[in-house]
Amino acid sequence: MERLTELERKILVGRFLGGKSMLELSTELDLAVRQLHGLCRRALRKLGDHR
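Residue numbers (the numbering used here): 2 to 52.
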């Protein structure tokens with residue numbers, strides 16, 4: 002895979018993230034992680050695995 006220049010990388014990342022601020026992104030990521038954590042705990046509980 003060819004190496005991207007710093008500018009190309011920033012443009013690609015910006016497009017991929019939809020131009021969101023880092024604060025917005027970290028907040029969304031935090032929310033997603035919490036939801037995933039809750040889902041995993043519920044799934045484990047359903048399996049009867051109490052850790």
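Ideal Cβ positions, reconstructed from N, Cα and C, are used throughout, including at glycine. All of these numbers come straight from a predicted model, not from anything done at the bench.
Work out the CA separation of residue j and residue i for me, nearest whole Å.
{"i": "K21", "j": "L48", "result": "38 angstroms"}
{"i": "R10", "j": "L26", "result": "18 angstroms"}
{"i": "E3", "j": "R46", "result": "46 angstroms"}
{"i": "E7", "j": "L30", "result": "24 angstroms"}
By the three-class DSSP mapping on this structure, what secondary structure does residue i have?
{"i": "G49", "result": "coil"}
{"i": "T28", "result": "helix"}
{"i": "L5", "result": "coil"}
{"i": "G19", "result": "coil"}
Just confirm the distance between the C-beta atoms of residue i and residue j, as a whole number of angstroms; I'd bet it's less than 8 angstroms.
{"i": "L13", "j": "L5", "result": "7 angstroms"}
With a CB to CB cut of under 6 angstroms and the five nearest residues on each side skipped, what residues in its chain are close to residue i?
{"i": "V34", "result": "none"}
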